[in-house]
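As structure tokens, the structure follows; a few thoughts come after it.
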Amino acid sequence: MATTIGMHAAPRAAESAAHDADRSPRAVLIAQVLDSLRFHGWFFCVSELSAPWALQLPGGRLAAIHAVLEGECVVTLAGDGTTLHLSAGDVVVLPRDEVHAMSDRAGRPVVAVTAIAGIDRRDRRASSLSYGGGGALTRLLTASFTAEMRSAQAIVAGLPAIMVLRAATPECKRLSPALALVREEAAQPGGVSSAVLRRTAEILFVQALREALLDTRPATGWLAAASDSRLAPALLALHEQPERRWTLVELAHCTHLSRTAFLERFQACLGQTPTEYLQGWRLQLAAQRLRETQDSVTQIAMSVGYDNPSAFARAFKRLLGQSPNEFRAARPAV
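Numbered as in my numbering, the sequence shown ends at 340 without a single skipped number.
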């Protein structure tokens with residue numbers, strides 16, 4: 007299944023409407039979660055591909071993106087055969103990085119990208135590729151990443167397998183400055199390994215994923231809860247005051263539902279109780295602070311609502327498989 011971002015909704019014609027959308031509970035929740043995930047293990051590739059060409063990408067990471075810098079191409083999902091034509095300026099997001107093929111036209115016999123000898127792998131996080139038969143040129147930026155929190159998988163689970171932001175849509179136009187900078191950096195000598203390219207590609211990815219999340223309304227999962235006008239205020243309350251000892255009555259009051267109706271609706275959407283969700287959010291914030299601050303484990307535990315550091319350490323290890331100190335010491339590659 008594929009989704010074209012911005013095509014099934016009315017255009018955001020007025021500036022005020024876009025501003026209101028950016029301040030909506032759904033938009034705020036999406037921004038909070040994207041900020042807390044702390045993606046890592048980024049990999050980038052700038053490819054110059056000349057027709058005929060067809061490459062299969064193995065997938066397997068949390069998510070991937072392709073931005074068409076020049077020319078045109080086709081992306082095909084290996085699972086259900088979904089095929090989309092892409093032109094310069096289009097951005098395609100694969101929220102679960104499923105196995106897929108990129109080619110100059112549909113139906114070409116594919117070659118595994120891992121078997122291509124022309125990939126420059128001198129940089130462990132960024133590479134360049136020149137490949138093809140010498141015909142019409144297509145230039146692509148490909149980026150993928152991983153994330154260490156389970157909530158990352160929960161978020162992308164509700165999205166379609168493939169989503170495209172078309173160059174002419176308002177959603178994609180907001181990515182134009184990042185795309186322009188990527189084009190400039192990729193054209194420089196050694197540009198593919200430059201810090202500017204990496205950081206710009208990260209911004210492009212997060213912006214594209216944000217637009218995809220804002221445009222998608224699944225029936226169940228975290229994104230469905232964030233899109234639910236009743237549940238979103240409760241999620242916001244949990245996010246903004248994770249240290250508070252929330253009761254079911256207080257959360258139900260946020261949603262203007264009875265306790266029973268709120269609990270049933272929450273569990274139907276998220277597959278867990280509010281208490282379980284709050285614990286996961288607390289530990290996600292704690293993981294972020296362990297990576298990014300010098301605060302003690304006790305200080306971090308208290309900041310997210312744990313009075314007992316031992317109870318915090320046990321809960322943290324159950325979720326992430328490491329003690330807080332082990333997690334802090336094992337900083338992932340950027």
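Built from N, CA and C at the ideal position, the CB exists for glycine as well.
Those runs of the alpha helix (DSSP H) which lie wholly inside the region 168 to 214 and span at least 4 residues: 176 to 179, 182 to 193
For Phe-45, the three-state DSSP class (helix, strand or coil): If DSSP states are grouped into helix, strand and coil, Phe-45 belongs with coil.
Rounded straight-line distance, which links the Cα of Arg-145 to that of Ile-71: Using only the alpha carbons, I get a separation of about 14 Å.
C-alpha distance - Phe-151 paired with Ala-69, whole-angstrom precision: 6 Å
Glu-332 classed as buried or exposed, judged by whether at least 16 other C-beta atoms fall within 10 angstroms: Answer is exposed; the Cβ neighbour count stays below 16.
Which listed residue (Ala-243, Leu-220, Gly-286, Thr-261) has its alpha carbon closest to that of Gly-164: For Gly-164, the closest alpha carbon among the candidates Ala-243, Leu-220, Gly-286, Thr-261 is that of Leu-220.
Sub-8 Å separation of Asp-110 and Val-74 beta-carbons: no
Distance CB(Val-162)-CB(Arg-102) smaller than 8 Å: Result yes, Cβ atoms of Val-162 and Arg-102 sit closer than 8 Å.
Segments assigned beta strand (DSSP E), at least 3 residues, entirely inside the region 247 to 293: none
Buried/exposed call for Pro-183, threshold 16 Cβ in 10 Å: exposed
Buried versus exposed, by CB contacts within 10 Å (16 or more), Gly-255: Going by the sequence as given, residue 255 is Val instead of Gly. Classification for Val-255: exposed.
Ala-218 beta carbon less than 8 Å from that of Ala-149: no
Thr-82, enclosing beta strand (DSSP E) - first and last residue: 78 to 83
Pro-64 vs Val-105 beta-carbon contact at 8 Å: Closer than 8 Å, so yes.
Asp-313 beta carbon less than 8 Å from that of Cys-275: The answer is no: Cβ separation not under 8 Å.
Nearest-angstrom Cα separation, counted from Ala-107 out to Gly-327: In a straight line, the C-alpha of Gly-327 is about 35 Å away from that of Ala-107.
Supposed contact pair Gly-77 and Ala-94 - C-beta distance, whole angstroms, cut 8 Å: 6 Å
Cβ neighbour criterion (16 or more within 10 Å) applied to Val-202: exposed
Alpha carbon of Asp-188 to alpha carbon of Leu-100, nearest angstrom: Rather than Asp, the amino acid found at residue 188 in this sequence is Val. About 19 Å.
Among Gln-213, Phe-272, Leu-257, nearest to Ala-225 - alpha-carbon criterion: Phe-272
Contacting residues, own chain, Cβ-Cβ under 8 Å from Thr-304 (five flanking each side not counted): Pro-315
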